[in-house]
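To start, the structure itself, in structure tokens.
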Ligand code: DX5
Ligand code: ZN
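Residue numbers (this note's numbering): 4 to 218.
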């Protein structure tokens with residue numbers, strides 16, 4: 004099964020509730036919620052109060068923490084109703100402990116890898132996360148072009164999980180469109196974040212249906 008997770012970053016912020024409902028009606032599986040702190044990445048986006056309102060839509064909220072010291076924000080996002088919380092491997096010193104903290108808060112635990120980060124950093128925590136988020140652009144901005152080398156990394160991560168007999172979710176984020184989605188699914192991704200291409204599509208339902216058919 005392929006999941007599509009619209010990124011709220013690409014929504015119209017003056018009509019955010021309407022945009023969330025539109026994506027839910029179009030068949031979105033999750034709502035991808037990008038938290039940017041102006042330090043780990045240059046931009047600042049949204050926080051816990053917005054996540055709490057977004058969770059009212061009923062879709063699982065998939066929180067992507069692009070922040071330094073993400074461990075400080077895990078419990079508050081879990082309390083706001085997050086279903087998945089993903090931290091960047093590059094932003095934490097004690098990854099194993101932080102993943103345990105996310106699970107203890109009742110959420111699925113995710114590890115995100117920047118484009119230049121090797122999948123090797125997952126080797127000794129393979130059983131400790133529920134989701135690997137392979138960034139297919141440098142985090143911080145929507146609307147960028149996918150970096151092709153990251154498609155190979157998706158395959159490497161899926162291969163590591165298969166060899167370990169694990170079925171964690173492999174999510175991709177950045178530059179997902181109708182041309183890149185089939186390649187990402189073929190490489191082993193099962194959850195695709197889509198921002199600008201999906202919100203910009205004339206028919207969001209057709210976009211989501213097409214991506215899901217790749218599986
Ligand atoms: C980028 C964010 C993405 C972003 C994707 O740092 O993590 O979730 O919204 O946007 P698109 O799909 O436009 O590349
Ligand atoms: Zn994201």
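The C-beta atom is built at its ideal place from N, Cα and C for all residues, glycine as well.
Every value quoted in this text rests on a predicted model; they were computed, and no experiment measured them.
Is the separation between the beta-carbon of residue i and that of residue j shorter than 8 Å?
| i | j | result |
| --- | --- | --- |
| residue 10 | residue 218 | no |
| residue 88 | residue 82 | no |
| residue 114 | residue 90 | yes |
| residue 135 | residue 173 | yes |
| residue 148 | residue 30 | no |
| residue 131 | residue 103 | yes |
Using DSSP with H/G/I as helix, E/B as strand and the rest coil, what is residue i?
| i | result |
| --- | --- |
| residue 211 | helix |
| residue 42 | coil |
| residue 174 | strand |
| residue 128 | helix |
| residue 187 | helix |
| residue 121 | coil |
| residue 12 | helix |
| residue 32 | coil |
| residue 154 | helix |
| residue 53 | helix |
| residue 163 | helix |
| residue 23 | helix |
Shortest alpha-carbon distance to residue i belongs to which of the options?
| i | options | result |
| --- | --- | --- |
| residue 116 | 152, 103, 146, 85 | 152 |
| residue 201 | 146, 191, 37 | 146 |
| residue 230 | 70, 122, 215, 31 | For residue 230 there is no data in the structure shown, the boundaries of the chain being 4 and 218. |
| residue 185 | 209, 216, 205, 196 | 216 |
| residue 62 | 32, 50, 73 | 32 |
| residue 110 | 129, 86, 119, 209 | 86 |
| residue 196 | 204, 176, 180 | 176 |
| residue 190 | 204, 22, 97, 165 | 165 |
| residue 124 | 106, 107, 203, 94 | 94 |
| residue 98 | 73, 79, 108 | 73 |
| residue 79 | 203, 168, 162, 107 | 107 |
| residue 59 | 84, 120, 211, 203 | 84 |
Counting only the same chain and skipping the five closest in sequence on each side, list residues whose C-beta sits under 6 Å from that of residue i.
| i | result |
| --- | --- |
| residue 26 | 9 |
| residue 15 | 22 |
Got a sec? Which residues, its chain only, sit under 8 Å from residue i by beta carbon, not counting five neighbours each side?
| i | result |
| --- | --- |
| residue 46 | 39, 143, 144 |
| residue 213 | 181, 184 |
Below 7 Å CB to CB, which residues in the same chain sit around residue i once its five sequence neighbours on both sides are set aside?
| i | result |
| --- | --- |
| residue 36 | 11, 54, 57, 64, 65, 66, 67 |
| residue 188 | 5, 217, 218 |
| residue 178 | 139, 140, 147, 148, 149 |
| residue 171 | 132, 133, 134, 135, 164 |
**Report entry** Ranges of the alpha helix (DSSP H) found wholly within the stretch 69–117, counting only runs of at least 4
**Finding:** 77–82, 98–107
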